[in-house]
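Each protein sequence line maps, in turn, to chains A and B.
Heads up: the first sequence begins at 3 in my numbering, then just goes up one per residue.
Heads up: the second sequence begins at 77 in my numbering, then just goes up one per residue.
Please read the structure below before turning to the comments.
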Amino acid sequence: GAVVSQHPSRVICKSGTSVKIECRSLDFQATTMFWYRQFPKQSLMLMATSNEGSKATYEQGVEKDKFLINHASLTLSTLTVTSAHPEDSSFYICSARDKGRQGASEQYFGPGTRLTVT
Amino acid sequence: GEDVEQSLFLSVREGDSSVINCTYTDSSSTYLYWYKQEPGAGLQLLTYIFSNMDMKQDQRLTVLLNKKDKHLSLRIADTQTGDSAIYFCAEKDSGYSTLTFGKGTMLLVSP
């Protein structure tokens with residue numbers, strides 16, 4: 003149980019286009035989802051916290067108009083990278099918090115999406 | 077803000093024990109975690125420890141927590157080549173549901 007999927011797993015797009023990444027909790031409801039960005043050989047940097055039915059909370063330095071987050075249901079959050087540029091190329095990972103569980107391990111990670119902007 | 081530090085690289089031989097260390101600054105941490113990341117994949121939760129515990133053992137994994145020194149370690153017994161990966165230490169403080177990650181320790185296990 004507690005599986006989080008991401009789609010697509012890899013995407014290559016041209017500079018100036020927009021890309022949407024989906025994060026789904028497959029067997030639990032997630033009131034909160036988190037979006038992270040990971041550069042090669044570096045740690046995960048939290049970009050934003052996505053709450054179902056409300057606006058996302060962005061970390062300092064993350065442009066909310068560039069990284070659009072929509073958490074329309076208890077099992078789906080989307081991250082749209084608008085007008086992508088090569089510097090947006092990165093590994094994007096989402097995690098989901100299980101609404102029904104409390105405690106240490108209630109956050110589950112997706113497999114990540116590799117975005118390459120050419 | 078909170079900070080989590082790890083050594084960047086560890087190399088061991090197959091069959092030896094591996095010890096990965098982590099230090100953190102947030103004294104209000106409630107849970108501390110170890111995650112494993114294989115190349116091109118997401119994070120897999122290996123184990124976690126509640127801040128009022130000193131030690132937790134789970135099969136080949138032993139977590140030691142020294143809360144006074146804010147030091148966390150992960151010991152992997154009988155390390156196998158399949159254990160080669162990046163290991164992230166993370167902490168969660170009492171007020172938020174977000175996690176703060178270290179930069180990760182790359183573990184290389186040679187035959």
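In this text, a Cβ means the ideal position worked out from N, Cα and C, and glycines have one as well.
Computed from a predicted structure; not experimentally measured.
Item checked: Length of the line joining the Cα atoms of F93 of chain A and R116 of chain A -> 5 Å
Note to self: Using CA atoms only, rank isn't needed, just tell me which of A:I23, A:L78 and A:K57 is closest to R39 of chain A.
What the structure shows: A:I23
Item checked: Simplified DSSP assignment, three categories, for D100 of chain A -> strand
Check: Which residues in the same chain as M129 of chain B place their Cβ atom closer than 7 Å to its Cβ, once the five residues preceding and following it in sequence are excluded?
Finding: L141
Notebook entry, point to check: What is the DSSP secondary structure of L181 of chain B, reduced to helix, strand or coil?
Noted result: Looking at the sequence shown, residue 181 of chain B is not Leu but Thr. Correct three-state label for T181 of chain B: strand.
Item checked: Neighbourhood of S1 of chain A by C-beta distance below 8 Å, restricted to the same chain and skipping five residues each side -> This structure does not reach residue 1 of chain A, given that chain A is present from 3 up to 120, and the question cannot be answered.
Item checked: Alpha-carbon spacing of L150 of chain B relative to W37 of chain A, whole angstroms -> 26 Å
Note to self: Can you tell me whether E89 of chain A is helix, strand or coil according to DSSP?
What the structure shows: helix
Margin query: Which same chain residues end up closer than 6 Å to A202 of chain A when comparing Cβ atoms and leaving out the 5 residues on each side of it in sequence?
Written below: Nothing about residue 202 of chain A can be reported from this structure: the residues present for chain A run from 3 to 120 only.
Margin query: Taking 8 Å as the limit between beta carbons, can you name the residues of its chain near L48 of chain A, skipping five residues before and five after?
Written below: F36, W37, Y38 and E61
Note to self: Please list, in chain order, the chain B residues whose beta carbon lies closer than 7 Å to that of L48 of chain A.
What the structure shows: T174
Next item on the list: Going by CA-CA distance only, name the one from A:A74, A:E65, A:E89 and A:I95 that's closest to G55 of chain A.
Entry: A:A74
Checklist line | Residue-level contact to chain B via CB, R99 of chain A, 9 Å cutoff | finding: yes
Margin query: Measuring straight from C-alpha to C-alpha, what distance separates I14 of chain A and E89 of chain A?
Written below: 13 Å
Margin query: Using the Cβ count rule (16 or more neighbours within 10 Å means buried), how would you classify T176 of chain B?
Written below: buried
Checklist line | Per-residue burial, E167 of chain B [other beta carbons within 10 Å of its own, 16 or more giving buried] | finding: buried
Next item on the list: List the residues of chain A whose Cβ lies closer than 8 Å to the Cβ of F164 of chain B, in chain order.
Entry: S45 and L46
Next item on the list: Would you mind sorting D100 of chain A into buried or exposed? The rule is 16 or more other CB atoms within 10 Å of its CB.
Entry: buried
Checklist line | Neighbour-count burial assignment, V119 of chain A, 16 or more Cβ in a 10 Å radius | finding: buried
Margin query: Against chain A, does M182 of chain B count as a neighbour if the rule is that its beta carbon must be under 9 Å from one of theirs?
Written below: yes
Margin query: With three or more C-beta pairs closer than 8 Å as the rule, is the stretch 102-118 of chain B touching the stretch 154-164 of chain B?
Written below: yes
Check: In this structure, does DSSP put D102 of chain B in helix, strand or coil?
Finding: coil
Margin query: Residues of chain B with CB closer than 7 Å to the CB of P113 of chain A, please, in chain order.
Written below: A117 and G118
Item checked: Residue-level contact to chain A via CB, K179 of chain B, 9 Å cutoff -> yes
Notebook entry, point to check: Helix, strand or coil: how does DSSP classify D145 of chain B here?
Noted result: coil
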